[in-house]
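Scroll down for the structure; my scribbles are underneath it.
Chains as they are written, first to last, in this note's numbering: chain A, 5 to 118; chain B, 45 to 157.
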């Protein structure tokens with residue numbers, strides 16, 4: 005089945021450590037996105053990418069880094085520079101061409117930094 | 045992408061129609077209206093989208109005003125499983141480039157017995 009997979013579902017890290025969240029899609033989508041969601045809040049865009057080896061900052065990119073070495077994969081690294089990393093992280097992908105370009109979301113990774 | 049405004053929360057009795065409004069007064073001519081919903085602790089799910097005509101699918105109906113400055117998502121017979129946060133988004137479709145795909149805070153719909 006085609007879809008978008010995030011792993012792990014829950015992740016715990018010590019303060020000051022970098023951590024990488026995985027996002028893989030087999031939908032052959034060109035665009036991929038990372039969002040952060042805090043309790044009771046909406047989604048805020050961290051980074052997005054429309055093509056391999058290219059990505060753009062979203063609204064809250066500070067303290068995060070991404071790579072897009074393969075079309076299927078868009079990992080997000082939460083660095084020690086991120087002041088409040090504990091949050092729910094969501095990855096999405098979408099086509100770029102045609103009318104059916106809605107985004108498909110993964111089930112999220114809940115990161116807790118202690 | 046144009047900004048959207050939605051009520052923070054709404055209640056609906058089970059079996060009744062849920063009408064969720066969205067204002068997008070700065071929408072551009074090439075921007076579509078998209079609706080997603082997010083059930084607690086899950087990823088958002090696409091519901092429906094439209095440009096200027098009303099649209100219907102197996103999940104919902106989308107009514108867009110003639111001036112396109114507002115729209116209403118209609119869940120014709122709400123069930124308890126429709127309790128979720130509903131997001132209205134406007135963005136360009138099929139442009140060949142990735143837009144920022146910005147979400148607001150959405151409307152929290154509570155369906156009750």
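Ideal placement from N, C-alpha and C gives every residue a C-beta, glycine not left out.
- Counting of Cβ neighbours within 10 angstroms places residue 14 of chain A among the exposed residues, the total staying below 16.
- Under the three-state reduction of DSSP output, residue 112 of chain B falls in the coil class, being neither helix nor strand.
- Scanning its chain for C-beta atoms nearer than 8 Å, with the 5 sequence neighbours on each side dropped, one finds around residue 118 of chain A the residues 16, 17, 18 and 19, in chain order.
- DSSP assignment within the region 7-87 of chain A yields the following whole beta strand (DSSP E) runs of 3 residues or more, N-terminal first: 8-11, 14-17, 23-29, 35-41, 47-55, 58-61, 68-70 and 80-82.
- Listed along chain A, the residues sitting closer than 8 Å to residue 90 of chain B by beta-carbon distance are 106, 107 and 108.
- At a cut-off of 7 Å between C-beta atoms, residue 93 of chain A does not count as an interface residue with respect to chain B.
- Look at the region 44-61 of chain A: the residues with a C-beta under 9 Å from a C-beta of chain B are 44, 45, 46, 47, 48, 49, 52, 53, 54, 55 and 60.
- Around residue 61 of chain B, the same chain offers 118, 119, 120, 121 and 122 as residues with beta carbons nearer than 8 Å, after the five sequence neighbours per side are excluded.
- Following the DSSP letters along the chain, one finds residue 94 of chain A inside the beta strand (DSSP E) bounded by residues 91-98.
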